[in-house]
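Accompanying notes for the structure given below.
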Amino acid sequence: MNDFIIKNLRIHGNVLNRLPLFFKSMDEIKNLFTSSGTAATILYISMASFLGILIGKISIKKVKLGIAGVLFAGLFFSHFGAKPNEQMLIFTREFGLILFVYAIGLEVGPRFFSSFKDEGLKMNLLASVIIVLGFLITYIFYLCGVAPANALTGIMCGAVFNTPSLGAAQQVLSEHGGINTVSGLNTIAMGFAVSYPFGVIGVLIVMMLLRVLFRIKIPQEVEAYNRQFANSMQKLESVRITVTNPNLFERKISYIKKVIDQELVISRIGRQDHILVAREDLKLEAGDTIYGVSALSHIENLQLKIGEVIITKKRDISGDLSMENVLVTNRKFTGKTIEQIGIYRRYEANITRIYRAGVEILPTLGTTVELGDTVRIVGKKEIMHELRFELGNSIKELAIPNTIPLFLGIFLGVILGSIPIFIPGLSAPAKLGLAGGPLLVAVLMGHQGRIGKISFYMTPGANRMLRELGIILFLAAVGLMSGSQFVQTILNGGYWWMLWGAAITFFPIMIVAIIARLMKFNYFKICGLLAGSMTNPPALEFADSMASIQAQSTIYATVYPLTMFLRVLLAQVFILITL
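No gaps in the numbering here: position 125 of the sequence shown is 938 in this note's numbering, and each next residue is one more.
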């Protein structure tokens, strides 16, 4: 019994001896949340990001805050006493913004210049009208003295759901704001935060009002778009052509390919009861059948040059031939043309289609193959494994991050963004800044695709990750830097700021939406225009939920690049003309 008591006293004594260490550890953890050091800053950024993402996933009648939840989580922690390191937050804010706009630029770059053609030009003009109207309304509010200039800058950025413009405006103010820079930056952030919510839902309200005003019926709009899409789409078709032109008899396939290079890709040759690979040295005979791929717009020319054309259904290839889709992951071939790669010269096989970013491409001799393309090959079965090996066909290879162009682009973007742009009437030169510079460089890199041996390819998953990480860091930092004054701002007249923001959101898009409808644009194209001109992903999600067609996302992507550029530029211009 005595031994038992002594043993227990020893155990409890050891526990009591360790209590000071326990309380010391708890004090150290507590200090993490009360200090303003590096560890505390990382903790708060992580907590704001985690909680904000969860808040953004909450759906109310199909409307979500989305990534904007991170901003409000940061405001929450800051309001209740979080004191992270200010210099670290500034770096996080700027670097997050750079990552975000760089990823956007790479994504929209390939279609940026083509977006100005045909209907895309009209859509970009309408989007520009929305942007200019919002700017003018904001400037009228400034002349009327309804709110300070810095507050109106933030209100304008939040009302149009555009975080890069907020970053650009804050950067300009930090360079030219003088002694009131810190308070001015906080005021911009406050204006952004109070106007942001209606920036989310204002576009949705206009979409619903437009539908009621013009008595729009969704099924009819879907049918009209599908009909227009079918008429304009250059869809590739499998064709069968009977050779009846005597000028082609005894001509080699290599000659035929050059004659119809832009119109037809030859897959194989049918001769009597046999199917032959379309080798370069194979000579055509009367009555041969050419199997290949072409577009509807080329059918008439092919009939004049070769013979009767019949559009066929895709069919399985039998015998000793095979048809396979191969992923191009061998970097040796990226950036080279079909002629330079020369598969048709080295193998009994031909590339008949190229699939890139959801688009089907007719592969001419001058068509460039890029990393991540999927090519359809028709050829001898026994050489297919060799072709797969040569072209790569490795998803794992695409997962390897291509980081060289990332840092090269950021480096060039920061330099470009620092070059002063002298605009008559401004008190100081404008700059593209840390938002506009990397954005413009990334757009050019995305459009170009490569320079020499340096490819700017980024997998969709990697691009999305970079984009999400950047905007999360940016919004978390903005919220943590501004939250201590958020509630006080609302109580001291900030509710008026919300009203001015609602006006900046509502009137430009309502006016342009009515004009677009009077111009006979499809309702879903107008929805894509409104969401894209306001750089508003939740609005695009709402529009997509009404009908499963591509009109909304196509127009959104068409107007997004120019919209983003103008939003960033005009935010800086507003700061400079009101200093």
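For glycine and all other residues, C-beta sits at the position ideal for the given N, C-alpha and C. Just so it is clear, the structure is predicted and the values come from calculations on it, not from any experiment.
By the 10 Å Cβ neighbour count, where 16 or more other Cβ atoms means buried, how is residue i classified, buried or exposed?
i, result
"S1008", "buried"
"F835", "Bear in mind that the predicted position of F835 carries a pLDDT of just 47, short of 50, making it unreliable; the figure below should be weighed with that in mind. Exposed: under 16 other Cβ atoms inside 10 Å."
"S1107", "buried"
"P1251", "buried"
"M936", "buried"
"N1138", "exposed"
"S1268", "buried"
"P1374", "buried"
"R906", "buried"
"T1165", "buried"
"L1026", "exposed"
"F926", "exposed"
"Q1385", "buried"
"C957", "exposed"
"K1209", "exposed"
"F1224", "exposed"
"T951", "buried"
"A972", "buried"
"I1388", "buried"
"V945", "exposed"
"P1032", "exposed"
Going straight from the alpha carbon of residue i to that of residue j, what length do you get?
i, j, result
"L1097", "F1202", "31 Å"
"E932", "F1011", "30 Å"
"Q1365", "H1087", "47 Å"
"R1159", "R1280", "42 Å"
"R1263", "L1219", "13 Å"
"K1145", "N1039", "40 Å"
"G967", "K1030", "37 Å"
"V1141", "N1206", "6 Å"
"N1354", "F908", "In the sequence on display, residue 1354 carries Glu and not Asn. Spanning the two alpha carbons is a distance of roughly 27 Å."
"H892", "F885", "10 Å"
"M1377", "I911", "14 Å"
"I992", "G1259", "Note that I992 has pLDDT 49, beneath the 50 cutoff, so the model's placement of it is unreliable and the number below is only indicative. Cα to Cα, I992 sits roughly 40 Å from G1259."
"R1024", "S1231", "45 Å"
"Y857", "Q1301", "22 Å"
"V1182", "T1150", "6 Å"
"E1093", "K1065", "7 Å"
"L1229", "A881", "29 Å"
"V1052", "I1124", "4 Å"
"V895", "L1293", "According to the sequence displayed, residue 895 carries Ala and not Val. Cα to Cα, the separation comes out at about 8 Å."
"L986", "L998", "7 Å"
"I943", "M1278", "30 Å"
"Y1369", "K1338", "8 Å"
"I953", "T1391", "12 Å"
"R1081", "Q1363", "34 Å"
"P1273", "F1287", "21 Å"
"K1333", "L1343", "16 Å"
So, helix, strand or coil for residue i, using DSSP?
i, result
"K870", "coil"
"G882", "helix"
"G1250", "helix"
"F835", "With a pLDDT of only 47 at F835, under the threshold of 50, the placement of this residue in the model should not be trusted; the figure read from the coordinates follows. The answer is helix: DSSP assigns F835 an H, G or I state."
"I1303", "helix"
"R1263", "strand"
"S1067", "helix"
"K1096", "strand"
"V945", "helix"
"A1162", "strand"
"G967", "helix"
"R1028", "coil"
"L1117", "helix"
"M901", "helix"
"G922", "helix"
"P961", "coil"
Would a check of beta-carbon distances place residue i closer than 8 Å to chain D?
i, result
"G1120", "Of the chains in the structure shown, none is chain D; there is only one protein chain."
Can you check DSSP and say which residues form a bridge with residue i?
i, result
"R1084", "H1087"
"L1134", "K1193"
"T1181", "T1150"
"G887", "According to DSSP, G887 bridges with nothing at all."
"I1054", "I1103, V1122"
"T1187", "L1140, Y1168"
"E1173", "Y1168"
"L1049", "A1108"
"V1035", "Its beta-bridge partners do not exist; DSSP assigns none."
"S1268", "R1263"
"I1079", "G1105"
"G1205", "V1141"
> In chain order, which continuous runs of the alpha helix (DSSP H) of length 4 or greater are located wholly inside the segment 1286-1370?
Replying inline: As for any alpha helix (DSSP H) of minimum length 4 sitting wholly inside the segment 1286-1370, the runs are 1299-1302, 1308-1331, 1336-1346, 1350-1359, ordered along the chain.
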